[in-house]
Amino acid sequence: MPIEYHEGAATLAGVISVEDAEPLLAWLQANPGAALDCADCEHLHAAALQALMATQAGISAWPSNPQLRQWLHAALDP
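The sequence shown begins at 1 in my numbering and counts up one residue at a time.
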């Protein structure tokens, strides 16, 4: 599974597709202040990025992929 939901945190791994965006948004809205572990995330669809931006989600671990990490930092941590 690309996203594993836990109490107060979620782990994003592999490819996060457009199909993952709506459930992610709903979970983030229901869990304000939740932390996201993106260390193993390889790709994040723009719709999922919009969910992160809309909820101002906190990132506990940035992607290990340097290009994805830079892209997310630019969008979420300006």
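A virtual CB, placed ideally from N, CA and C, is assigned to each residue, including glycine.
Predicted model, so just to flag it, every value in this text is computed and none were measured.
- Task: Just mark Asp77 as buried or exposed, buried being the case when its beta carbon has 16 or more other beta carbons within 10 Å.
- Result: For this step, residue 77 is matched to residue 77 along the sequence shown. Result: exposed.
- Message: Need the endpoints of the beta strand (DSSP E) that Glu7 sits in, please.
- Response: Locating residue 7 in the sequence shown gives position 7, where the first residue counts as 1. No residue range can be given for Glu7, since it is assigned to no beta strand (DSSP E) and is classified by DSSP as neither H nor E.
- Item | Residue range of the beta strand (DSSP E) that includes Ala34 | Start at 1 with the first residue of the sequence shown, and residue 34 comes out as number 34. Following the DSSP letters along the chain, one finds Ala34 in no beta strand (DSSP E), marked with neither H nor E.
- Are there 16 or more other CB atoms within 10 angstroms of the CB of Ala48, so buried, or fewer, so exposed? Here residue 48 is taken as the residue at index 48 of the sequence shown, counted from 1. Ala48 sits buried, since 16 or more C-beta atoms from the chains shown fall within 10 Å of its C-beta.
- Message: Classify Pro32: buried if its beta carbon has 16 or more other beta carbons within 10 angstroms, exposed otherwise.
- Response: For the purposes of this step, residue 32 is taken as residue 32 along the sequence shown, with counting starting at 1. When all chains shown are included, Pro32 counts as exposed.
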